[in-house]
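The structure appears right after this line, and notes come after that.
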Amino acid sequence: MIVPNESVPAVFLDRDGTLMEEVNYCSDPKQVKVFPGVPGALERMKARGYKLIVISNQAGIGRGYFTEEQYRAVEAELARAILPATLDATYFCPDHPDRPTNRRKPAPGMVLEAQRDHRIDLARSFFIGDKAIDIECGRNAGVRTILVKTGYGANEHAQSGANWIAEDLREAAAIVLRESDPVA
């Protein structure tokens, strides 16, 4: 049982290439294709007491390729597609890559914002993503990292510096559950 003021662990998740197929600058809900096993993997981690929080760079907004409204429509479709699993929060950075900020991955700003908003215990948390910048973001925030080989991960696993490498989110969830402290 979680005490109201007690900090809780989280699994921070990249979106594109980790939860759903990579679509270059996804702006259309019809392009959302969740990887097999994602809803069940999310449910298993949530049942163990983890908050599930998406951390996503969305440079397409900053580049003018799509609007925040289009991003929100894709986000809503992802939420529908992963049911019965649910996410606790989604943080996104719309900044153009040429103007990096403390929120744009690999900077840890979004993770730290989520930590404050949700009383997250970073020492008991994980970051799962398919790119080296996801892993760097997690390391910059002080969480354990898992690179999945979906999306870009198949080409980035050798040099990512991740604590673990997994074939997909199902395998990453098994690592989280195996390596975690009992929380629920």
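Take the sequence shown: its letter number 14 is residue 14 in this note's numbering, and every next letter is one higher. Positions of the beta carbon are idealized from the N, C-alpha and C atoms, including for glycine.
Given residue i as reference, the closest of the options once Cα atoms are compared
| i | options | result |
| --- | --- | --- |
| residue 50 | 10, 85, 97, 57 | 10 |
| residue 7 | 105, 64, 172, 122 | 122 |
| residue 35 | 45, 20, 27 | 20 |
| residue 171 | 133, 132, 97, 45 | 45 |
| residue 54 | 14, 64, 146, 108 | 14 |
| residue 57 | 130, 177, 168, 173 | 130 |
| residue 79 | 159, 109, 52, 103 | 52 |
| residue 65 | 95, 47, 48 | 95 |
Alpha-carbon spacing of residue i relative to residue j, whole angstroms
| i | j | result |
| --- | --- | --- |
| residue 93 | residue 136 | 16 Å |
| residue 22 | residue 128 | 15 Å |
| residue 219 | residue 112 | This structure gives no information on residue 219, because the portion of the chain shown stretches from 1 to 184. |
| residue 126 | residue 154 | 20 Å |
| residue 71 | residue 26 | 8 Å |
| residue 180 | residue 165 | 16 Å |
| residue 62 | residue 76 | 20 Å |
| residue 146 | residue 43 | 18 Å |
| residue 1 | residue 99 | Note that residue 1 scores a pLDDT of 44, beneath 50, so its modelled location is shaky; the value from the coordinates is reported in the next line. So the two alpha carbons sit approximately 43 Å from each other. |
| residue 69 | residue 38 | 25 Å |
| residue 174 | residue 148 | 12 Å |
| residue 107 | residue 141 | 8 Å |
| residue 40 | residue 167 | 16 Å |
For residue i, the residue or residues it bridges with in DSSP
| i | result |
| --- | --- |
| residue 67 | Bridge partners of residue 67: none, in fact. |
| residue 129 | 147 |
| residue 89 | 53 |
| residue 13 | 54, 128 |
| residue 8 | 120 |
| residue 34 | 20 |
Where the alpha helix (DSSP H) through residue i begins and ends
| i | result |
| --- | --- |
| residue 46 | 38 to 47 |
| residue 52 | First-last for residue 52: 51 to 57, but that is the beta strand (DSSP E), not the alpha helix (DSSP H). |
| residue 156 | 153 to 156 |
Endpoints, the beta strand (DSSP E) within which residue i is located
| i | result |
| --- | --- |
| residue 175 | Careful: residue 175 lies outside any beta strand (DSSP E), inside the alpha helix (DSSP H) at 169 to 179. |
| residue 114 | No beta strand (DSSP E) contains residue 114, which is instead part of the alpha helix (DSSP H) from 109 to 118. |
| residue 123 | Residue 123 -> no beta strand (DSSP E), and no H or E assigned at all. |
| residue 166 | 164 to 166 |
query = Would you call the region 86 to 100 and the region 23 to 34 in contact, with 3 or more CB pairs under 8 Å?
reply = Counting Cβ pairs under 8 Å, fewer than three are found: no touch.
Three-pair Cβ contact test at 8 Å for the region 67 to 85 versus the region 106 to 125 = Because the criterion of three Cβ pairs below 8 Å is not met, the region 67 to 85 and the region 106 to 125 do not touch.
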